[in-house]
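Chemist:
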Amino acid sequence: MDHTHRAYCQNVSPGGYIIICTRREEDWVPLTDEWDRPSCWRTNCFKMGINTVMIMAVLLGVSLTPSLTTQAGLSEKVLVFPYETDFSFVALIPQKEMGLRAFTLCMRVATELPEERQIILFAYRTADYDELNVWREKDGRVSFYLSGDGVFFHLPPLSTFRSSLCLTWESRTGLTAFWVEGKRSTYQVYKPGHSIRPKGTILLGQDPDKHLGGLEATQSFVGEMTDVNMWDFVLSRSMIQAWHYGHKVPKGNIFDWGTIEYELSGNVLVVDDD
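full-length UniProt numbering applies: residue 1 is where the sequence shown begins, and numbers increase by one.
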């Protein structure tokens, strides 16, 4: 067998989700386990592009070059996701660990995607679990998932006009509600006693999957998103309504839009909120 064109593959994550390949033997020694096989004898091992590598590296905390640049503060700014892609996203860096037994998550969002199109609105994932996902489903309902089956709500449809959307959950009772334009949905009881695990990655615009190359364009967010804030407790009705109307409320102690640290990847624009 001619080894001159063989790719040498390195597992760069403990979970085995990222395999990097090169043609140069001096870079890495070849692996002798299941990855050292003909399907890995090309420089585009598994047809994995650089964006997939970067996304999975962010997800698993692996430092690769090129790296994403951390920026801070989005006061009076809007994130614009102009196209359906499988590589555009914004990674959010929380101010504290995401080991949570209660939270309030708020955002303002607009999209022209049709109601039958599934959309990821917020994704928090650890190495093994989708810890906290918010979706608009194909039937138009808005859903909330904590490490397993989700809970579904019939809410006013998202549209080209900006909607203010909040989600509250607390572990003690499992009480869960969405708030649209400051108005609360019916409570549902969901995952009482559950704890959200820390040490994961938060993405806007994409749903990270544990499988290699797991981002899907048909689930990506297309539209505008702004004023993403998160607290590690349930805000009162008056505080959520004050946030909806743009009044002063306690700063999010997980995310505060004015000071939030974030990393952009792909075709995401940061524009003035005019």
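For every residue, glycine included, the Cβ atom is placed at its ideal position computed from N, Cα and C.
Return helix, strand or coil for Q118, following the three-state DSSP convention.
Modeler: Here Q118 carries a coil assignment [DSSP, helix/strand/coil].
Chemist: Using the beta-carbon count (16 or more within 10 Å), is K199 buried or exposed?
Modeler: exposed
Chemist: Quick check on the burial criterion: 16 or more other C-beta atoms within 10 angstroms. Buried or exposed for V271?
Modeler: exposed
Chemist: Please look up how many angstroms separate the CB atoms of W179 and A102, rounded, as I've assumed it's under 8 Å.
Modeler: With 8 Å as the limit, W179 and A102 do not qualify as a contact, their Cβ atoms being about 15 Å apart.
Chemist: Quick check on Q219: does DSSP put it in helix, strand or coil?
Modeler: helix
Chemist: Candidates E224, V142, S236, L204: which alpha carbon is nearest Q118's?
Modeler: Of E224, V142, S236, L204, the residue nearest in Cα terms is V142.
Chemist: Could you give the C-beta distance for D273 and K96, rounded to a whole number, given that I count them as a contact under 8 Å?
Modeler: 26 Å between Cβ atoms; not a contact.
Chemist: F255 and F81 look like a contact to me (Cβ under 8 Å); what is the Cβ gap, rounded to whole Å?
Modeler: Rounded, the Cβ-Cβ distance is 18 Å, inconsistent with contact.
Chemist: When we look at the beta-carbon of L269 and count the other beta-carbons within 10 Å, is it buried (16 or more) or exposed?
Modeler: exposed
Chemist: Give a yes or no on whether the C-beta atoms belonging to I260 and L92 are separated by under 8 Å.
Modeler: yes
Chemist: Relative to the C-alpha of G205, which candidate in H244, Y245, T226 has its C-alpha closest?
Modeler: T226
Chemist: Which residues does DSSP list as the beta-bridge partners of E261?
Modeler: A72, I93
Chemist: Taking just the CA atoms, how far does N133 sit from T201?
Modeler: Their Cα atoms are separated by approximately 12 Å.
Chemist: Tell me, please, whether the region 185–196 touches the region 99–116 by the rule of three or more beta-carbon pairs shorter than 8 Å.
Modeler: Yes: at least three Cβ pairs fall under 8 Å.
Chemist: According to DSSP, which residues form a beta bridge with I202?
Modeler: L92, Y124
Chemist: If you compare alpha carbons, which of D207, L203, L167 is closest to F233?
Modeler: L167
Chemist: Within a Cβ cutoff of 6 Å, which residues of the same chain sit near R162, ignoring the five residues on either side of it in sequence?
Modeler: R108, A110
Chemist: If you drop the 5 nearest sequence neighbours on each side, which residues of the same chain put their C-beta closer than 7 Å to that of L155?
Modeler: V142, F178, V180, S185
Chemist: Have a look at S236 and N229 and give me their C-alpha separation to the nearest angstrom.
Modeler: 15 Å
Chemist: What is the residue span of the beta strand (DSSP E) that R141 lies within?
Modeler: No beta strand (DSSP E) holds R141; DSSP gives it neither H nor E.
Chemist: Please report how far the alpha carbon of L215 lies from the alpha carbon of V90, in whole angstroms.
Modeler: 13 Å
Chemist: What are the boundary residues of the beta strand (DSSP E) that includes R101?
Modeler: Counting along the chain, R101 falls outside any beta strand (DSSP E), and DSSP gives it neither H nor E.
Chemist: Is S236 helix, strand or coil when you go by DSSP?
Modeler: coil
Chemist: Can you list, in chain order, the residues of its chain whose CB lies under 8 Å from that of E137, leaving out five sequence neighbours each side?
Modeler: Cβ within range, chain order: Q118, S143, F152.
Chemist: Please report how far the alpha carbon of T127 lies from the alpha carbon of V189, in whole angstroms.
Modeler: First, the residue type needs correcting, since residue 127 is Ala and not Thr in the sequence shown. Those two C-alpha atoms are separated by around 27 Å.
Chemist: How would you call K191, buried or exposed, if buried means at least 16 neighbouring beta carbons within 10 angstroms?
Modeler: buried
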